[in-house]
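Undergrad: Sharing a structure, written as structure tokens. Questions coming.
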Amino acid sequence: MKDLPARRLLLVHAHPDDESINNGATMARYAAEGAHVTLVTCTLGEEGEVIPPALAHLAADRDDTLGPYRVGELAAAMKELGVTDHRFLGGPGRFRDSGMMGTEQNERPGAFWATPVDEAAAPLVEIIREVRPQVLVTYDPDGGYGHPDHIQAHRVAMRATGLAADPAYGTGAPHTVAKVYWNRAERPVVEAAFAHLRATAPDAFPGIAAVDDVPGVVDGDGITAEIDGSAYAGAKAAAMRAHATQIALADEGPFFALSNDLGQPLLTTEYYQLVRGVPAAGTGAREDDLFAGVTEAETATAPEPGTGADAVRGVAPGPGTEAGADAVRGPVSGSASGGGPDSVSGPASGSGAGA
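Residue numbers (my numbering): 47 to 401.
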């Protein structure tokens with residue numbers, strides 16, 4: 047049986063493209079340094095708006111084939127980042143994109159938002175117990191900007207982290223994730239990046255977004271780690287470019303827009319808030335390594351995914367794969383609530399653009 051590398055990082059995201067926008071530089075850095083990076087994407091992003099006119103027919107209100115197309119985009123993005131372990135929660139198409147907050151798509155059968163948290167957390171527990179990551183990254187309780195799938199991804203990730211450590215839950219050896227981080231963006235840095243956009247490329251897009259449109263933007267006090275990904279700026283940009291239905295990059299400069307055509311900066315230093323676990327002892331400053339303080343025992347090797355009896359399937363197929371269009375979704379009843387201290391009951395308010 048082969049073993050995984052000593053350092054193992056798990057990221058939980060709502061839709062294809064979220065990982066590249068939020069964590070692309072971090073993922074590329076750790077993959078290049080030899081860590082095992084696992085991405086779990088909770089939906090196929092079927093309800094996203096399509097940017098290129100030539101692909102408009104993919105949209106949910108037309109052919110409804112955007113999800114399978116985005117499977118291929120995600121695979122291409124992961125190749126750019128050097129990440130080989132990327133999966134869809136429960137398998138491709140198990141949970142459907144819930145659309146924007148307050149729309150009818152929120153409660154349709156199979157919608158991620160409408161799925162009970164414990165039900166959606168179960169396959170993530172299996173992945174955690176298989177991969178045995180020391181570090182997990184996901185969104186804050188608002189999902190960064192209020193999208194229901196982002197909020198649900200937060201709830202599911204936090205709940206699964208607790209359940210995975212409980213020896214009384216399910217099958218497989220329990221595993222405690224040493225450090226859990228939420229994605230953040232530092233307001234002064236974002237403000238400076240927007241100023242650079244206005245000064246150097248004011249006409250790159252029809253408009254310019256607001257600072258508060260950036261997911262997870264906070265004042266610096268809550269940020270505990272910053273990862274300098276400047277050496278991987280090209281990889282992050284290439285990964286974002288692979289998500290062509292959702293992201294348009296500027297011809298010049300580190301800028302991009304989503305389907306709203308509002309320009310925003312592409313950030314290569316990525317920020318995090320440690321919410322579970324102990325920061326590196328004695329630093330007195332922000333961490334520059336998400337694995338800082340992880341003990342030798344916690345970095346013991348783990349079986350390679352797919353080699354054990356409890357291996358979880360559902361690794362994303364390659365570009366052009368049609369998996370997802372015919373995936374069995376099945377009606378799921380219940381609200382987006384889950385028991386336990388790590389879940390937040392009931393639908394949350396708020397809205398955001400993009401999927």
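Just so it is clear, CB atoms sit at the ideal spot from N, CA and C, and this is done for glycine as well.
(1) Taking the alpha-carbon positions, what's the R53 to G339 distance?
(2) Rounded to whole angstroms, what's the CA-CA distance from R175 to P213? Just pull it up for me.
(3) Would you kindly work out how many angstroms separate the C-alpha atoms of G309 and M286, rounded to a whole number?
(4) Could you please give the first and the last residue of the uninterrupted beta strand (DSSP E) stretch that includes P311?
(5) Give me the residue from E126, A100, G139, M124 with the minimum Cα distance to P114.
(6) Look at the alpha carbon of R322 and the alpha carbon of G80, and state the distance between them as a whole number of angstroms.
(7) For E93, which residues in the same chain have their Cβ closer than 6 Å to its Cβ, ignoring the five residues on either side in sequence?
(8) Quick check on DSSP: helix, strand or coil for V264?
(9) Are the CB atoms of E316 and I273 within a distance shorter than 7 Å?
(10) Within a Cβ cutoff of 7 Å, which residues of the same chain sit near D109, ignoring the five residues on either side of it in sequence?
(11) Let's see if you can read the secondary structure: which residues bound the beta strand (DSSP E) around E272?
(12) Given a threshold of 16 other Cβ atoms within 10 Å of its Cβ, counted over all protein chains shown, does T246 qualify as buried or as exposed?
(13) Consult DSSP for P302 and reduce its assignment to one of helix, strand or coil.
(14) State whether the segment 293-307 contacts the segment 213-231, with contact taken as three or more CB pairs (one from each stretch) at a distance under 8 Å.
(15) Could you compute how far the alpha carbon of E153 sits from the alpha carbon of A331?
(16) Please identify the residue among L112, G91, G262 whose C-alpha is closest to the C-alpha of G190.
(17) For H289 versus A123, is the C-beta spacing smaller than 7 Å?
(18) Determine the direct distance from the alpha carbon of G70 to that of A78, and round the result to whole angstroms.
(19) Can you name the start and end residues of the beta strand (DSSP E) that A326 belongs to?
(20) Where does L50 fall in DSSP's three states?
(21) Measure how close the beta-carbons of G118 and A74 come, nearest whole angstrom, since I'm counting them as under 8 Å.
(22) Could you check which residue in T111, L112, H132 has the C-alpha nearest to that of A121?
(23) When you compare the CB positions of P62 and T84, do they come within less than 7 Å of one another, or not?
(24) Starting from A285, follow the alpha helix (DSSP H) in both directions and report where the run begins and ends.
(25) Return the CA-CA distance between E65 and F134, expressed in angstroms with no decimal places.
(26) Within its chain, find whatever has a CB closer than 8 Å to the CB of P51; leave out the 5 residues flanking it on each side and keep chain order.
(27) Determine the extent of the alpha helix (DSSP H) in which F240 is found, giving its start and end residues.
(28) Taking 7 Å as the threshold (C-beta atoms), are F158 and T207 in contact?
TA: So, from the data block:
(1) 12 Å
(2) Each residue's alpha carbon lies about 11 Å from the other.
(3) 14 Å
(4) 308-311
(5) G139
(6) 24 Å
(7) A106, D143, G145, Q151, A401
(8) V264 falls in the strand class under three-state DSSP.
(9) yes
(10) H103
(11) 271-274
(12) exposed
(13) Before going further, note that residue 302 is Phe rather than Pro in the sequence given. If DSSP states are grouped into helix, strand and coil, F302 belongs with the strands.
(14) no
(15) 44 Å
(16) For the options L112, G91, G262, the alpha carbon positioned closest to that of G190 is the one of G262.
(17) yes
(18) Rounded to the nearest angstrom, the two C-alpha atoms are 12 Å apart.
(19) Run containing A326: none; DSSP gives neither H nor E here.
(20) coil
(21) Not really, about 20 Å apart at Cβ, beyond 8 Å.
(22) H132
(23) Using a Cβ distance threshold of 7 Å, P62 and T84 do not count as a contacting pair.
(24) 279-288
(25) 13 Å
(26) The beta carbon of P51 lies closer than 8 Å to those of G80, A81, H82, T347 in the same chain, with the five residues before and after it left out.
(27) According to the DSSP assignment, F240 belongs to the alpha helix (DSSP H) that extends over 233-246.
(28) no
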